[in-house]
Amino acid sequence: MESGKRAVLILGMHRSGTSLCSKIVNLMGFEAPKTLMAANEANPEGYWESEVIYKLNDRIFEACGTQWHKRTRMTADPIALTRRNGLYHELTELLASEFGSADRIVLKDPRISRLVPLYEAALLDLGYRSTPVLVVRNPMEVAASLARRDQFTTERAVRLWLRHTLDAERATRGRARTVISYEESLQDWRLVVSKVAEALGEPVAPLLAQAEERTTEAARTDLRHHALAPPAPTSWFRFLSRRAYATMQDLLDDPNDVAAVRKLDRIAVAFETF
438 MESGKRAVLI
448 LGMHRSGTSL
458 CSKIVNLMGF
468 EAPKTLMAAN
478 EANPEGYWES
488 EVIYKLNDRI
498 FEACGTQWHK
508 RTRMTADPIA
518 LTRRNGLYHE
528 LTELLASEFG
538 SADRIVLKDP
548 RISRLVPLYE
558 AALLDLGYRS
568 TPVLVVRNPM
578 EVAASLARRD
588 QFTTERAVRL
598 WLRHTLDAER
608 ATRGRARTVI
618 SYEESLQDWR
628 LVVSKVAEAL
638 GEPVAPLLAQ
648 AEERTTEAAR
658 TDLRHHALAP
668 PAPTSWFRFL
678 SRRAYATMQD
688 LLDDPNDVAA
698 VRKLDRIAVA
708 FETF
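Numbered according to the numbering used here, the sequence shown spans residues 438 to 711.
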């Protein structure tokens, strides 16, 4: 018998609007983790992610021989590796602790974009069916935000944008999912509710009513500090990110558009081989 427990996975590169999208899904009645990271100057509305889960994710990356800010593809199998070293058990225990008896949860950490199969397996062991929500923002805006917060160069940020975006898209392909732009989250939170409801296979009206009861304004447009044009192709990686960003826009209306995912495959090959 299929479990009625649902988990919405918010995926996307850092500084892409994943926090705002998580807030909107929370308003739909999906519980956030217990130990939320505190808001700060870089994210005054809050991060909507678990402090302890993000720390565990850093340890998982380290065990796999990499770090979240390394642009190379992860070669280790996170599921097999974490099952051998005990981190898988630690992850399931931590998820159970963070969400308790909640039947409907929202989980966000940009690092999960590179660990989707691991998290889906752990959540399934806890009885949750996962629905991925991919959040996409102009890579040059992401780069500007990361330069301000973390002093990342534009080239480094663009490469990481490609890594997180391509990994998340490939890992969730062919599934019931939705793709949401940063602009949609800022300008029309009701549209976000509708798109998530469609991915869940649930009626929109009850979820929209629940969100409307809990807020009069889910998003603030003044939170957008970096509104830039897509990256000019002044380098190979900027060229690829421009192509990938344009192609991800094709998935906004049809999250599994065949022509778009084929283009993303070609972009991924170029990214990996350069």
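All C-beta atoms, glycine included, are put in the ideal place defined by N, C-alpha and C.
This one's a predicted model, so the numbers in the text were calculated from it and none came from an experiment.
Self-check item: Assigned secondary structure, Thr658 (DSSP; H/G/I helix, E/B strand, else coil)
Solution: Interpretation of Thr658 is limited by its pLDDT of 48, a score under 50 that renders its predicted location unreliable; no figure is taken from the coordinates.
Exercise. Using the Cα positions of Thr658 and Tyr619, report the straight-line distance between them to the nearest angstrom.
Key: Residue placement at Thr658 cannot be trusted, given a pLDDT of 48 that sits under 50; the coordinates are not used to answer.
Quiz item: Would you say the beta carbon of Leu563 comes nearer than 7 Å to a heavy atom of the ligand COA?
Solution: Absent from the structure shown: the ligand COA. Ligands present: none.
Quiz item: For Ala656, is the classification buried or exposed, using 16 other Cβ atoms within 10 angstroms of its Cβ as the cut-off for buried?
Solution: Reliability fails at Ala656, whose pLDDT of 49 lies under 50, so the model's placement of it is uncertain and the value that follows must be treated cautiously. Around the CB of Ala656, 16 or more other CB atoms lie within 10 Å, so the residue is classed as buried.
Quiz item: Using the beta-carbon count (16 or more within 10 Å), is Val706 buried or exposed?
Solution: Val706 comes out exposed.
Quiz item: If you check the beta carbons only, do Glu482 and Leu448 fall under 8 Å apart?
Solution: Contact: no.
Quiz item: With Glu486 and Lys442 assumed to form a contact (beta carbons below 8 Å), what rounded beta-carbon distance in angstroms separates them?
Solution: The beta-carbon separation of Glu486 and Lys442, rounded to 20 Å, does not stay under the 8 Å limit for a contact.
Quiz item: Just checking, does the region 604-624 make contact with the region 462-473 on the three C-beta pairs under 8 Å criterion?
Solution: As far as the Cβ criterion goes, the region 604-624 does not touch the region 462-473, which means the pair count is below three.
Practice problem: State the start and end residues of the unbroken alpha helix (DSSP H) segment that holds Ile516. | Solution: Boundaries of the alpha helix (DSSP H) around Ile516: 515-522.
Exercise. Answer yes or no: do Asn494 and Leu552 have a C-beta to C-beta separation smaller than 8 Å?
Key: Closer than 8 Å, so yes.
Quiz item: DSSP state of Ala594, grouped into three classes?
Solution: Reduced to three states, the DSSP call for Ala594 is helix.
Quiz item: Going straight from the alpha carbon of Arg600 to that of Lys460, what length do you get?
Solution: Between Arg600 and Lys460, the C-alpha separation is close to 24 Å.
Quiz item: Exposed or buried, Asn575, counting other C-beta atoms within 10 Å across all chains shown (16 or more means buried)?
Solution: Residue burial annotation: Asn575 is buried, with at least 16 other C-beta atoms found within 10 angstroms of its C-beta.
Exercise. List in chain order: all unbroken beta strand (DSSP E) runs of 3+ residues lying wholly within the region 530-579.
Key: If we require 3 residues or more, the beta strand (DSSP E) runs fully inside the region 530-579 come out as 541-545, 565-573.
Self-check item: Sequence-distant residues of its chain with Cβ nearer than 7 Å to Leu555 (five each side left out)
Solution: These residues qualify, in order along the chain: Pro515, Ile516, Thr519.
Quiz item: Is the beta carbon of Ala605 sitting closer than 8 Å to the one on Ala594?
Solution: The criterion of a C-beta distance shorter than 8 Å is not satisfied by Ala605 and Ala594.
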